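Inspection log for the structure reproduced underneath, given as structure tokens.
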Amino acid sequence: MASLSSLSTPPAGAANFATQGAPVARRGHWLWVLALLLLAAGLTWVLKGYQLFQATMVLCYAIALLGLNILTGYNGQISLGHGAFFALGAYGAAIAMEHGGLPYWAAIPVAGLACLVVGYLFGRPALKLEGLYLALATFALGVAMPQLLKYKHLEAWTGGVQGIVLIKPDAPWGLPLTQDQWLYLFALGVTVVMFLIVHNLLSSGTGRAMRAIRDHALAAEAMGVDNRHYKSMTFGVSAAFTGVGGALSAIAVQFVSPDSFTLFLSISLLVGIVVGGLGTLWGALFGALFIMFVPNLAEQVSKAAPWAVYGVALIAIMFVMPGGVVGLLRRMQTALRARENRGG
Amino acid sequence: MTHDNDRGDSNTAPPLLQVQGVTVRFGGIVALDGVSFDIRRGEICALIGPNGAGKSTLFNCLSRLYECNSGSIVFDGQPINRLPRHRMAAIGIGRTFQNLALFGSMTVRDNVRVGCHSKHHAGMVRNAFRLPGAARIEAEAQARAEALIHFLQLDAEADRIVSDLPFGTQKRVELARALASEPQLLLLDEPACGLNHEELQGLGDLIRDIRDRLGVTVLLVEHHMGLVMGISDRVVALNFGKKIAQGTPAEVRSHPEVIRAYLGAEEEEGVGA
Amino acid sequence: MNEFLHQLLAGLATGGIYASVALALVMIYQATHHINFAQGEMAMFSTFVAWMLIDAGLPYWAAFAATVVLSFVVAAGIEFVVIRPMHKAPVLSVVVVFIGLLVIFHSLAGFFFGYTIKPFPSPFPADAWYGSSLMSAHEVGAIAVALGMVALLFLFLRATPLGLAMRAAAQNPGSSRLVGIRVGRMLMLGWGLAGAIGAVAGMMVAPVVFLDPNMMTGVLLYAFAGALIGGIDNPIGAVLGGFIVGVLENLIGTYVVGTELKLSVALVLIIGVLIVKPSGLLGKTIVTRV
Amino acid sequence: MTTNLLEVRGLQARYGPTQVLQGMDLDVAEGQVTALLGANGAGKTTTLRALCRFMVQTSGSVTLAGERIDSRSTEQIAQLGVGHVPDGRGTFMGLSTEENLQLGAYVRHNRSGQAEDMERVYHYFPRLRERARQQAGTLSGGEQQMLAIGRALMGRPRLLLLDEPSFGLAPLVVRDIFAIMRRINREEKVSILLVEQNAKLALDLADNAYLLETGRVVLSGPSAEMQRNDAVRRAYLGE
Amino acid sequence: QKKYDSGVTDTEIKIGNLNPYSGPASAYGVCGKSMAAYFGALNAKGGVNGRKINFLTLDDAYNPAKSVEQTRKLVEQDEVLLMFASLGTSQNIAVQRYLNAKKVPQLFVNTGATRFGDPKAFPWTMGWQPTYQAEGRLYAKHILQTQPNAKIGVLMQNDDFGKDYFKGLNDGLGDKAKAMIVQHQTYEVSDPTIDSQMVSLKSAGCDVFVSITTPKFAAQAIRKAAELGWKPTQYLVSVSQSMNSVLKPAGFENAVGVISSTYLLTPSDPMAAGSKDVPEYLEGMKKYFPDGNPDDSLNAIGWGVAATMAQVLRQCGDELTRDNVMKQAANLDFKAPMLYPGIEVKTGADDFYPIDKKILQRFNGKGYEAMGAPMAG
Ligand SMILES: Nc1ncnc2c1ncn2[C@@H]1O[C@H](COP(=O)(O)OP(=O)(O)OP(=O)(O)O)[C@@H](O)[C@H]1O
Ligand SMILES: Nc1ncnc2c1ncn2[C@@H]1O[C@H](COP(=O)(O)OP(=O)(O)OP(=O)(O)O)[C@@H](O)[C@H]1O
Ligand SMILES: CC(C)C[C@H](N)C(=O)O
Ligand SMILES: [Mg+2]
Ligand SMILES: [Mg+2]
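Chains as they are written, first to last, in the numbering used here: chain A, 18 to 361; chain B, 1250 to 1522; chain C, 754 to 1043; chain D, 36 to 274; chain E, 907 to 1283.
See below:
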């Protein structure tokens, strides 16, 4: 009997990932990026303490979304449970700091690496699963993670249901910055590094291989792409990014506990990449803003049923921009260009 | 290294590809039934046969998408039955697909660059951190892709998303992508399908060019007899998974079994006219 | 031994719950090739509607029938108003719309009905002959209802032209139009049927777990797992899967790893099965050639 | 004078912003075969799609047997008796061969005769009978093309739109198919609009022909005349 | 000599609060609404010393990360005087260090975890409810008194709330704990049913059943026990003792004999007959939280804790500084409304557990009847 799996459909959604080309920024874009960066850095002295905290959380989510987007947007593997890696990163950092005595800046890469390994190990058997089946497996991971975190035999490390309380770092070298300001700047730095890495990955042969697998797995293999390796590595890298986001968030929140990482977090992350723009770099930022602020806005609109407002907003956004914020921006850009061309 | 000589080859160089007794079954269906033949270096060989004879199945065995139930395939002296799929491009077997299998959301250029993957890729870590070598390898892939885009006259479309392109153009992109891996053996599954008369001529020239200029051996599945007879050095005919004939185009064209099962009698040409 | 039997039956009873929700998932999958993550919340909301009707004095069966019909209509309406405009959008955007629906139904239920649990009546008399201390009359009845629904659904999908047309419309809407199938109607019908099945499921679940807005959040994962392990394209598989999940979970919790990790371990097992048999126990592998 | 089953006036079609058909006129006479020729990308497939309002945005008037159908939906047009063998075959991959054929008969309200029609298709394409229970997605390219044609025949159409029916078929089968089309055209009075790369075969079968270039009709007339046209001979018949 | 910290003016005192109005614990959201009802009623009567209470209550969805964000918003943007009665253990732990560092009172946290009464380490944090551990000890004592040879089966929600109770029970049983607790089953809040656990408990032959459950599962457990024909002595934690929202759905006939404990009065309790708090409570609820069920003990908690807050502010007079708030909070001797007769709010500089007594009660098919006098666990 010939292997049937060799014939199986490309992931049901492959054709539906109506996404765009390479993420390579054109020259002019770098100026914009620089300007944005300066602006972001400037916020350090503009925002109040808790707003800086929110901004820091936006960056954490942005990094996490970047990770999920690598996996889902660029590689076509749907994850409904990425909150698990966010949790793992957060706990990784917390444990490294609490039990390993590492400083916060060292705890982050450690947490990232731990997620890389776990993500890879999860991605390896999950290779056989596609589409819905992968969705179930990841969904299950998302559901199981809080339970694992409070598992009694791990309690010595995880603090069980009570979680772990962390201390916020002071600004180093006697810089005249408050803890919030420093943490925000630090997170901004980490974010820039993470964006650069993703940019490098995606604009190179690696990114093309990832997207090729998403579009047509069999053809990618026929072109010499080692799907197994790439898919599980993509899973690992994605988990690592999300883990770094989680690690940073643990430091910002100063506390980790299983309750922080419910399935809703995973769902929010998925919503984030779709709202931001699947398979786009900048989408991660927009998605993070959405995750952070829309629930609060909804609460302001209706105290009685804020989540109904949130749900309606979500559906409305998908109606108006099925390709997410970045999709919409691109459409507007093309339309503008077309008009310019016609005018000129 | 030996190879069986029942065909009485005068050529002493070992064949590039040896297919020996390949059988593939799907449940009760026998798609290939002990098929054997050789392909010599530098030739254009055509594989013909009625619909469902097993031609695409054979292609899929050659690119390891299907497992053979029995038999062996030796490429360039190396048995390939055990190799993982993604190695096929690296050892020198490139292919196109009967029903296009492009990376639909990517540009023409990126499609072709993915084709370079087997020969030019830097690895994740190197790419992620732009370590030494990454840029050079990237540039090599870029150069090869440009060359092929030019070779197949895709310059104008290079930055378009492939799925927006007409069928014929997409076929050319697939060809470019297959050539990007610098194959020794190129498998073409019905390249003429959907092309009109004019384009057919161009295709014939192109295939010959690929053989002559790039030194690529070509195995071709095709129903368009004009093309097959025009460019192939040798033809192998299958029916119901079995080889029924092989030889020069002229020999195969006049083989009674081939006429009965596949071509139909000559005098019936222009049905009912 | 007695305990084992008891756990097994308890597993079957819970499995019946998963099975009936899994059926609704299968229904909508067959008709639209989507997994509707809001299915559980829609079923929960339907059940609240039934509760309201009963509270207003309607006899059980009248409320039951009205709820099923209403759920059919509302679900079909949702397809038309909310899902239809998304037909060209990428899958994940549709998934996000499902999530939107989920939070809307959840939040509205909380808003209208509050979060305190409410008892929901069972149609099966508590002292019926088929009830025992091993399995209550309601549990037996609910399993029977699940089996009845699966039989009907199987016949509908596999043996009627309409069922065939519905599957075709989900698989290949373009070609379906070309052969004259009104794809839009099929989608609406599929949603309607899924809504109706969900309503029945909800009314079978509520007497067991009590009615509250969180009633289905836990169930959905199990139903999803059940549907996939049995085969998402086969209603019989889905029901089988539901029972398997229910029993597996109980036995693992009782005899293997204890209750703290039973869910995790059960899920690992299920995923293990899927890795070996990627289309589920009774599912069909859909093969596409290159 | 024969009446026209299909009359098309000023048909335009576009995919999003790209306009493909630039206002074309076309007739298919009742009971006759009309061929549509043109280079790759000329818009032949788009024409057939536009007639069914399938996947393209259209404007212009399309009249089938005296009734305007240009604002009908694809499925309504199918129900009016327009059978379509689409570009790319449109196989229902996950269903069996037989179920694919049954779907072809979906438009027919009485199911009597369906079994005979199935027999007839199997008679035309014995290969399909052997593969009746097989998942259609696993059929070979040519087998799927046979299936697409068989599926269209199952609906007993009055107008058959064929997009490259010979696509990927063995020479012998191509001949069979053209013979079959001739037969259903003659015996069952099915009108046919045929798009075909093999211009010789197409013109042999057709009564009339249109030549399309970048979305416009550049030449039309009885096929015998077309066969004599120099431009056609050069570009399409290779003479 | 008026002295104000942020959040206070001559006419208003801003206080902040978080509740899970959405998310997995949304059933507890009513607490916030009944607090709001109390303050509504209080403001209508002129507030505290002429100042209206501006009760800012936000949703944290029971997510500690969200609790941090919302708490910081209340403290830094809305500039509340203090944080009051936010719900949940992890949710309060998450902000405990922050509030203490900022010297913002974290008063009367709405959870029974033991760790919130530690003035040495956290001088700005104070609980309110009797602790879960104390209640666990209470049941243990009663079991030892009445059934010293019992085989105990425990069903426990697998979270901080469950673990605290379980610890209390264990401590109370002392050395005999190991021998007496023959079955210990847990469940997750996301579990649809607890049938399997109940079967295990019954099969182990337990004759005492301690149900450390939240309302939905408590009701399921009572009913399932009856369905299984299992008749142990049942102990039900006070979180789930509500007649209306637990025993009634479970079936009163199934709940006869259930032993629980309480520190709160609910209007349906026979003891409520003479109380003058109750009519006021009923009226306030009717006017300011009409959808709320007055018999739900969560609402009684909200009312009582809000009254305690008002008392602290009253005691502060015009010196509404955070320091003074903490001083007054640690200086309470107050009969809060809706507390069970004989139970009071009492604190001291080193006693940050305002309520420490409970009364055991047994359900007789119509209502609870008290068993003895209030006692500390
Ligand atoms: N995965 C599969 N499962 C079942 N049957 C298969 C599968 N793949 C191929 N077949 C059957 O094997 C036979 C050979 O198919 P193949 O595609 O090789 O034919 P082919 O010679 O390429 O025909 P064509 O010229 O029509 O493309 C066909 O009858 C087909 O139905
Ligand atoms: N889905 C689509 N989106 C955008 N453009 C399209 C689409 N389909 C076709 N086109 C464009 O419309 C033009 C006409 O295409 P069409 O398929 O109708 O040509 P054709 O005459 O059938 O050619 P062929 O012989 O290749 O089948 C082409 O330029 C093609 O690129
Ligand atoms: C029972 C509730 C008022 C408190 C909650 N269960 C907690 O302590 O976390
Ligand atoms: Mg083929
Ligand atoms: Mg075409």
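Cβ atoms here follow ideal geometry from the backbone N, Cα and C, with glycine treated the same way.
Bear in mind the structure is a predicted one, so any value in this text is a computation, not a measurement.
In the DSSP assignment, H1090(E) is bridged to V1060(E). Closer than 9 Å at the C-beta level to chain A, one finds these residues of the segment 912-930 of chain E: Y927, S928, G929, P930.
Relative to the non-hydrogen atoms of ligand 4, the Cβ of K248(A) never comes closer than 6 Å to any of them. Between D1097(E) and L778(C), the alpha-carbon positions lie close to 20 Å from each other.
In the three-state DSSP reduction, N244(A) falls in the helix class (H, G or I). Neighbours of L76(A) in chain C, taken as residues at a C-beta separation under 8 Å, are lacking, since the least C-beta distance is about 23 Å.
A direct Cα-to-Cα measurement between A942(E) and N1230(E) gives close to 24 Å. Contacts with chain B at 7 Å (Cβ-Cβ) include V242(A). Take the alpha-carbon of L151(A) and the one of V207(A): they are about 30 Å apart. The segment 116-126 of chain A and the segment 878-886 of chain C do not touch, with fewer than three beta-carbon pairs separated by less than 8 Å. If you check the CB distance, G190(D) and G118(D) come in under 7 Å.
By the neighbour-count criterion, in which a residue is buried when 16 or more other Cβ atoms sit within 10 angstroms of its Cβ, M349(A) is exposed. Assigned with DSSP and collapsed to three states, D211(D) falls in helix. The C-beta of D276(A) comes closer than 7 Å to at least one C-beta of chain E. DSSP places Y934(E) in no alpha helix (DSSP H); its state is neither H nor E.
With a threshold of 6 Å, the Cβ atom of D1287(B) does not count as near ligand 5, since no heavy atom of the ligand is closer than that. Of all residues in the segment 99-132 of chain D, the ones placed with a Cβ closer than 7 Å to any Cβ belonging to chain C are T109, E110, A113, Q114, H119, P121, G125, F127, M128, G129, L130, in chain order. Relative to the Cα of Y67(A), the nearest Cα in the group D197(A), L205(A), L287(A), L282(A) belongs to D197(A).
Excluding sequence positions up to five before and after Y975(C), its CB lies within less than 7 Å of the CB of Y771, V998, all in the same chain and listed in chain order. Less than 7 Å separates the beta-carbon of V936(C) from that of A922(C). Between the beta-carbon of Y108(A) and that of V273(A) there is about 6 Å, and that keeps the pair under the 8 Å contact cut. Put simply, the backbone Cα of L295(A) is about 28 Å away from that of A1405(B). Look at S992(E) here: in three-state DSSP terms it is coil, with no helix or strand label. By a beta-carbon distance limit of 8 Å, A1371(B) contacts E1387(B). Their separation comes to about 7 Å. Note: E832(C) is not bridge-paired with any residue in the DSSP secondary-structure output. In the DSSP annotation of this structure, the continuous segment of the alpha helix (DSSP H) that includes R1502(B) starts and ends at 1498-1502. Annotated as distal: F103(A) and A131(A), with beta-carbon spacing of 7 Å or more. Boundaries of the beta strand (DSSP E) around K1263(E): 1263-1269.
Interface flag for M309(A) against chain B is unset, since no Cβ pair is found closer than 7 Å. In the displayed model, I1249(E) falls within coil according to three-state DSSP, outside both helix and strand. Contact check for G1033(E) and P1280(E): beta-carbon distance about 18 Å, past the 8 Å limit, so the pair fails to qualify. V288(A) carries a helical assignment under DSSP once its states are collapsed to helix, strand and coil. About 4 Å separates the beta carbons of G159(A) and S283(A), which is inside the 8 Å limit, making them a contact pair.
Going by beta carbons, L197(D) and V120(D) fall inside the 7 Å limit. About 16 Å separates the CB atoms of V254(A) and I95(A); that is not less than 8 Å, and the two are not in contact.
Pairing R1358(B) with T223(A), the inter-Cα distance amounts to about 15 Å.
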